[in-house]
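Data first, discussion second: the structure below is written as structure tokens.
2 protein chains.
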Amino acid sequence: MTQDAFSKTLITTASDQVFVDMRREIVEGSIEQGSKISEPELAKRYGVSRATLREALNRLESCYLIERKANVGCRVVALTAERLIEVYQVRSALEGLACRLAADNMAADEVQSLKQLLNQHLQTQRVKEGESYYQEAGDLDFHYRIIKASKNEHLIHLLSNGLYQLIRMYRVQMGMVGPRVSKAFDEHLAIINAIENHDGELAELLMKRHISASQSNIQAKFDLIAAQKKAAQ
Amino acid sequence: MTQDAFSKTLITTASDQVFVDMRREIVEGSIEQGSKISEPELAKRYGVSRATLREALNRLESCYLIERKANVGCRVVALTAERLIEVYQVRSALEGLACRLAADNMAADEVQSLKQLLNQHLQTQRVKEGESYYQEAGDLDFHYRIIKASKNEHLIHLLSNGLYQLIRMYRVQMGMVGPRVSKAFDEHLAIINAIENHDGELAELLMKRHISASQSNIQAKFDLIAAQKKAAQ
DNA sequence: TAACCATGAATTGTCGACAATCTTAAAGAA
DNA sequence: TTCTTTAAGATTGTCGACAATTCATGGTTA
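Heads up: the sequence lines are chains V and L, in that order.
Counted the way the numbering used here counts, the first sequence spans residues 1 to 233.
Counted the way the numbering used here counts, the second sequence spans residues 1001 to 1233.
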């Protein structure tokens, strides 16, 4: 029995392992977005039976990474601009709530610990200027900590087990680049300050704006791709 | 191939049927909340193999009606006061969002159709005074229509396939009674008016209050039960 | 040529049996 | 007695095979 790094899921069964492995491959793009999934093929690849694989597929479906149709099969989710809007609308509402609850509930030592995390980010950010992946993980960790601090188990599950992998997928494959990195850091700082002052209303507002900015950043990437396609014609 | 009445799910496979049947039994309390689930027993009862049953269990898990532990088994979710708070916090955020989007998007004829639905509710409410189930279904249908009108597919799925059965479970088993029925009607009316005026901000606020009132109503039932228990000691 | 229908191949859904794990209860030691 | 250990029983996890459905290919007909 081991533990997964990102979602802190306990890995006990074979299907757990396949689930975590496939999730990583889908999020990182090793298994291409929008591609069809063949059960016999993947079962052979992961060295498990179809029953075990299907168990994993079920769980991938419930975190929105694949889509199933009866008697037809599975597809990896496609990262479209439309879905980006939909998902981020939901994310904004839920993480906004989480942030407000965190501001209400968070103890002083928890806030200090979070501040310390942010300082770590500042260090590594200066070192790894431009490189996005570590910031990626760190940023998600920041959001993850706030979600946890909401102390609402249902919300925590909905976000960290449900929505977060899809968001990571957008961010890993559509990348966060350029000056956005340091701006995001400042926004994180402002959010922490609001939480420290137990100003739930402000914390919620700032988090929603922060998420909205992140959405615009990815949206710009979509626009860029669309423009390139048009130019190529 | 047939269709389910509540979530409009297409029923094509045997596991679909088991899923819908079990869902109804759990929501209505035929399968007791908090009770342990035996796979061999239920498989025999529904006349399917364990593989088919487990497929259904997976889907019940993703709509929060049962909880699984590896190598241990399933339990039906327990309706606690703590969970009520958590779920309704999430519900408030998501349906608030849905209501705002509906106010932004909804066309005039859609609004008219919704008003008509509300008039129907008024009729049946007068006839079936006190009886809560029909109002229950009607009320959920009202919320369902607004969720649909948000036109956000991800949000629609999250609410109608994910959260709504659990909310129904609370409402069916913890009941909505007394003067709450007619108050709820007035609140629905106010929400529709806000939507008709495309006042998203107000619509969201009113929906959140409406949901909060509904929560208090159920909470009161919990308090009542707790008081009765204390008196019995 | 285009539309429709059959036939076969491939894929998904379902089943019963076996292996691995947990639970329970009895037996033994401190 | 109380705690630990162990063995039996029951439950869940996993497997390979069969049945049902869908998809692709080629042939037939208007």
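Yeah, the Cβ is synthetic: ideal placement off N, Cα and C, and Gly gets one too.
CB-CB under 7 angstroms to V:ALA43, same chain, minus the five flanking residues each way: which ones, in chain order? Numbered from its first residue, the first sequence carries residue 43 of chain V at position 43. Excluding five sequence positions before and after V:ALA43, the CB atoms of its chain that fall closer than 7 angstroms to its own CB belong to SER49, ARG50, LEU53, given in chain order.
Taking 9 angstroms as the CB-CB cut-off, is L:ARG1145 touching chain V? Residue mapping note: residue 1145 of chain L aligns to position 145 of the second sequence, counting from 1. No - not a single Cβ of chain V is within 9 angstroms of the one on L:ARG1145.
Comparing the C-beta of V:ARG75 with each C-beta of chain L, is any distance below 9 angstroms? As a working mapping, residue 75 of chain V is identified with position 75 in the first sequence. No, because no Cβ of chain L sits closer than 9 angstroms to the Cβ of V:ARG75.
Can you tell me which of the three DSSP states L:LYS1221 falls into? Taking the first residue of the second sequence as position 1, residue 1221 of chain L is located at position 221. In the three-state reduction of the DSSP assignment, L:LYS1221 falls in the helix class.
L:SER1160 classed as buried or exposed, judged by whether at least 16 other C-beta atoms fall within 10 angstroms: By one-based count along the second sequence, residue 1160 of chain L stands at place 160. Looking at its Cβ environment, which holds 16 or more other Cβ atoms inside 10 Å, L:SER1160 is buried.
Please state the DSSP three-state secondary structure of L:LEU1002. Here residue 1002 of chain L refers to the residue found at position 2 when the second sequence is read from its first residue. Looking at the sequence shown, residue 1002 of chain L is not Leu but Thr. The answer is strand: DSSP assigns L:THR1002 an E or B state.
Give the DSSP bridge partners of L:GLU1067, in chain order. Here residue 1067 of chain L refers to the residue found at position 67 when the second sequence is read from its first residue. For L:GLU1067, which the question treats as bridged, DSSP gives the partners L:ARG1075.
Alpha helix (DSSP H) containing L:VAL1018: first to last residue? Position 18 of the second sequence, counting from 1, holds the residue named residue 1018 of chain L. Element bounds for L:VAL1018: 1014-1028.
Any C-beta of chain V under 9 angstroms from that of L:ASP1016: In the second sequence, counting from the first residue as 1, residue 1016 of chain L sits at position 16. Closer than 9 angstroms to some Cβ of chain V, the Cβ of L:ASP1016 qualifies, so yes.
So, under 8 angstroms CB-CB, L:ALA1098 and L:ILE1146 are touching, yes? Tell me the CB distance rounded to an integer number of Å. By 1-based counting over the second sequence, the position of residue 1098 of chain L is 98. By 1-based counting over the second sequence, the position of residue 1146 of chain L is 146. The Cβ separation is near 6 angstroms, so the contact holds.
Quick one: is V:GLN89 near chain L, going by C-beta distance under 9 angstroms? As a first step, residue 89 of chain V must be located in the first sequence, where it is residue number 89. For V:GLN89, the nearest CB of chain L lies under 9 angstroms from its own CB, placing it at the interface with that chain.
Taking V:LEU94 as the query, report the chain L residues whose CB atoms sit under 8 angstroms from its CB, ordered along the chain. Within the first sequence, residue 94 of chain V is the residue found at index 94, counting from 1. Correct list: VAL1090, ALA1093, LEU1094.
What residue does the alpha helix (DSSP H) around V:GLN173 start on, and which one ends it? Within the first sequence, numbered from 1, the residue matching residue 173 of chain V stands at position 173. For V:GLN173, the enclosing alpha helix (DSSP H) starts and ends at 164-174.
Restricting to Cα atoms, I'd like to know which of L:THR1080, L:LEU1057, L:ALA1203, L:ILE1066 is closest to L:ILE1218. Position 218 of the second sequence holds residue 1218 of chain L. Measuring C-alpha to C-alpha distances from L:ILE1218 to each of L:THR1080, L:LEU1057, L:ALA1203, L:ILE1066 identifies L:THR1080 as the nearest.
Do V:VAL234 and V:ARG83 have their CB atoms nearer than 9 angstroms? With chain V covering only 1 through 233, there is no way to say anything about residue 234 of chain V.
Indicate whether V:LEU242 and L:GLN1120 have their beta-carbon atoms separated by less than 9 angstroms. This structure does not reach residue 242 of chain V, given that chain V is present from 1 up to 233, and the question cannot be answered.
Can you find the residues in the same chain that come closer than 8 angstroms, C-beta to C-beta, to L:PHE1142, ignoring five residues on each side of it along the sequence? Counted from its first residue, the second sequence places residue 1142 of chain L at position 142. Within the same chain, L:PHE1142 has close Cβ partners LEU1114, LEU1117, LEU1118, HIS1121, HIS1188.
From V:GLU229 to V:VAL27, what distance separates their C-alpha atoms? Here the question's residue 229 of chain V lines up with position 229 in the first sequence. Here the question's residue 27 of chain V lines up with position 27 in the first sequence. Here the sequence assigns Lys to residue 229 of chain V, which means Glu is not the residue at that position. Those two C-alpha atoms are separated by around 24 angstroms.
Which class does V:ILE31 belong to by DSSP, given the choice of helix, strand or coil? Taking the first residue of the first sequence as position 1, residue 31 of chain V is located at position 31. Of the three classes helix, strand and coil, the one that applies to V:ILE31 here is coil, per DSSP.
Check the DSSP bridge columns for L:LYS1208 and list the partner residues they point to. Counting from one through the second sequence, the residue named residue 1208 of chain L turns up at place 208. Answer is none; L:LYS1208 lacks a bridge partner.
Is there a Cβ of chain L sitting closer than 9 angstroms to that of V:THR124, yes or no? Residue mapping note: residue 124 of chain V aligns to position 124 of the first sequence, counting from 1. So, not an interface residue.
Can you find a CB in chain L that lies within less than 9 angstroms of the CB of V:THR52? Within the first sequence, residue 52 of chain V is the residue found at index 52, counting from 1. False, the Cβ-Cβ gap to chain L never drops below 9 angstroms.
Taking the Cβ atom as the reference point for each residue, do L:MET1207 and L:GLU1110 lie within a distance shorter than 9 angstroms? If you number the second sequence from 1, residue 1207 of chain L lands on position 207. If you number the second sequence from 1, residue 1110 of chain L lands on position 110. For the 9 angstroms CB-CB criterion, L:MET1207 and L:GLU1110 do not form a contact.
What separation, rounded to the nearest whole angstrom, lies between the Cα atoms of L:GLN1173 and L:GLU1032? As a first step, residue 1173 of chain L must be located in the second sequence, where it is residue number 173. As a first step, residue 1032 of chain L must be located in the second sequence, where it is residue number 32. In this structure, the straight-line span from the alpha carbon of L:GLN1173 to that of L:GLU1032 is close to 10 angstroms.
Report the three-state DSSP secondary structure of L:LYS1151 (helix, strand or coil). One-based indexing of the second sequence puts residue 1151 of chain L at position 151. DSSP places L:LYS1151 in coil when its eight states are reduced to three.
Compare the C-beta of L:HIS1259 against all C-beta atoms of chain V and say whether one is closer than 9 angstroms. The requested residue 1259 of chain L is not part of the displayed model; chain L covers only 1001 to 1233.
Return the Cβ separation of V:LYS221 and V:GLY162 in integer angstroms, given the expectation that the two are a contact with Cβ distance under 8 angstroms. Start at 1 with the first residue of the first sequence, and residue 221 of chain V comes out as number 221. Start at 1 with the first residue of the first sequence, and residue 162 of chain V comes out as number 162. The distance from the Cβ of V:LYS221 to that of V:GLY162 is about 24 angstroms, inconsistent with a contact at the 8 angstroms cut-off.
N-terminal and C-terminal residue of the alpha helix (DSSP H) that L:GLY1096 is part of: Taking the first residue of the second sequence as position 1, residue 1096 of chain L is located at position 96. Secondary structure note for L:GLY1096: its alpha helix (DSSP H) is the uninterrupted segment 1081-1105.
Would you list the residues sitting across from V:LYS36 in a DSSP beta bridge? The residue given as residue 36 of chain V occupies position 36 in the first sequence. According to DSSP, V:LYS36 bridges with V:ARG75.
DSSP state of V:ALA232 mapped onto helix, strand, coil: If you number the first sequence from 1, residue 232 of chain V lands on position 232. Assigned with DSSP and collapsed to three states, V:ALA232 falls in helix.
Just to make sure I have the definition right: I need the residues of chain V whose C-beta is within less than 7 angstroms of the C-beta of L:LEU1158. Which are they? As a working mapping, residue 1158 of chain L is identified with position 158 in the second sequence. What L:LEU1158 touches in chain V: VAL90.
Apart from the five residues on each side of it in sequence, which residues of its chain come closer than 8 angstroms, Cβ to Cβ, to V:TYR170? Mapped onto the first sequence, residue 170 of chain V falls at position 170. The answer, listed in chain order, is LEU79, LEU84, VAL87, ILE218.
Of all Cβ atoms in chain V, is any one closer than 9 angstroms to the Cβ of L:ALA1070? Reading the second sequence from its first residue, position 70 is the one you call residue 1070 of chain L. At least one beta carbon of chain V lies nearer than 9 angstroms to the beta carbon of L:ALA1070.
I'd like to know whether the C-beta atoms of L:TYR1046 and L:VAL1020 end up nearer to each other than 9 angstroms. The count along the second sequence starts at 1 and reaches residue 1046 of chain L at position 46. The count along the second sequence starts at 1 and reaches residue 1020 of chain L at position 20. Not a contact, by the Cβ cut-off of 9 angstroms.
Buried versus exposed call for V:LEU65 [16 or more other C-beta atoms within 10 Å across all chains shown]: Taking the first sequence and counting its residues from 1, the one referred to as residue 65 of chain V is at position 65. Its Cβ being crowded by 16 or more others within 10 Å, V:LEU65 is buried.
What residue from L:GLU1039, L:LEU1155, L:GLU1061 has the CA that sits closest to V:ARG91's CA? Locating residue 91 of chain V in the first sequence gives position 91, counting from the first residue. Nearest option by C-alpha distance: L:LEU1155.
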